[in-house]
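Notes to accompany the following structure.
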Amino acid sequence: MFGMNDPAQTLMQLESYIKDGRFEMSEVMATQFTEMFLSNKKRTPQEQIMLVKGLQILCDVLTLRQKYTLAVNAAKTLLRERKRVARGNSNIGMIHIDLHRCAKSLALAGKSRKAKAYFTKANKSSNGCVAAASDGVRFISSDKKMIATFISALQHSGPVTKSGQQFLIAPSNLTPVDASEILSLLSGSQFENNPQALEQASRISQQITMIEKGEMAANAKLQSALDSLKPKHDYYEYS
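With the sequence shown counted from 1, adding 231 to any position gets you the working numbering.
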């Protein structure tokens, strides 16, 4: 059975398969991997971590393969099993990412009401994850609460950054999102006559232009460092 001898190596192999687009093989391996650990009722703390990470991969690959009902089941099992990992353990990632996984799988399975609840939980636990909030309005487009959550997340997301050739909305310690995807969402009919949405679209577009022209640093932290180097006094005023 996959993963019996070296679970950590199996997880790395699974991630590699997904990157290579080998989704069917990834599903088979991730299913056997997680079933192996679930069948062991006396798991060690390290084995519990392996199980949670395996369930994260399984949920993702089932979503990619459009097996949404199975993805929902995997996500629910994931949320249950991560509760058995010691609080504060950084090896399994932040809780809001798994709440987002669950919300997305529910939305794709056509369970909008439950999805909305999990998108809301993801937002609250992350204090404004743009990735989760954007999926909220993408999948539940006309919901006023999802729209308000999305706008609020953008308002607190900080400046646009650039990584390689990609412009990003990258709140501190949260999942970055392609700025062009955000602009595309903001152009949707649900944001018509919404001044806050128009303001955010204008801000993002202007910051992209400023970065392209060299008028704004491509990295917010770099910009802060540059600002700190500016003299705090005009030395010429003393001459």
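Glycine is no exception: its CB is placed at the ideal position from the N, C-alpha and C atoms.
Secondary structure note for Ser-394: it is in no alpha helix (DSSP H), and the uninterrupted beta strand (DSSP E) holding it is 391 to 394. About 15 angstroms separates the Cβ atoms of Ile-280 and Ile-328, ruling out a contact at the 8 angstroms cut-off. 8 angstroms or more divides the Cβ of Ala-346 from the Cβ of Ile-326. Contact between the stretch 288 to 295 and the stretch 310 to 323 is absent: fewer than 3 CB-CB pairs across the two stretches fall below 8 angstroms. With contacts defined by Cβ atoms closer than 8 angstroms, Thr-392 and Leu-399 form a contacting pair. Judged by DSSP secondary structure, Leu-399 falls within the beta strand (DSSP E) whose first and last residues are 397 to 400. In its own chain, leaving out the 5 sequence neighbours on each side, no residue places its CB closer than 6 angstroms to the CB of Thr-351. With a 10 Å radius around the Cβ and a threshold of 16 neighbouring Cβ atoms, Val-259 comes out exposed.
The Cβ neighbour count for Gln-277, taken over all protein chains shown within 10 Å, is under 16; the residue is labelled exposed. Asp-409 is bridged by DSSP to Leu-399. Each residue's CA atom was taken as its position, placing Thr-440 and Ile-378 some 26 angstroms apart. With respect to the C-alpha of Phe-381, the residue from Leu-286, Ala-340 and Leu-429 having the closest C-alpha is Leu-429.
Exclusion of the five residues before and after Leu-414 leaves Ala-432, Ile-435 and Ser-436 as the residues of its chain whose Cβ lies within less than 7 angstroms of its Cβ. Distance between Asn-271 and Asp-374, taken at the CA atoms: about 42 angstroms.
In the assembly as shown, Pro-402 is a buried residue. Its beta-carbon has 16 or more other beta-carbons within 10 Å.
Per DSSP, reduced to three states, the secondary structure at Cys-360 is coil, with no helix or strand assignment. For Ala-340, no alpha helix (DSSP H) segment is defined, and its DSSP state is neither H nor E. Under the three-state reduction of DSSP, Ala-306 is assigned to helix. Take Pro-407, set aside five residues on each side of it, and the residues of its chain with a beta-carbon closer than 7 angstroms to its own are Leu-399, Ile-400 and Ala-401, in chain order. Only residues of its own chain outside the window of five on either side were considered, and among them Cys-290, Thr-294, Tyr-299, Ala-302, Val-303 and Ala-306 have a CB closer than 7 angstroms to the CB of Ser-336, listed in chain order.
Closest by C-alpha distance to Arg-344, out of Pro-390, Gly-367, Ser-388 and Gln-438, is Gly-367. Sequence-distant Cβ neighbours of Gln-438 in its own chain, meaning closer than 7 angstroms and more than five residues away, are Pro-390, Val-391 and Met-447. For Ala-432, the enclosing alpha helix (DSSP H) begins and ends at 426 to 443. In the three-state scheme derived from DSSP, where H, G and I count as helix and E and B as strand, Gln-386 is classed as helix.
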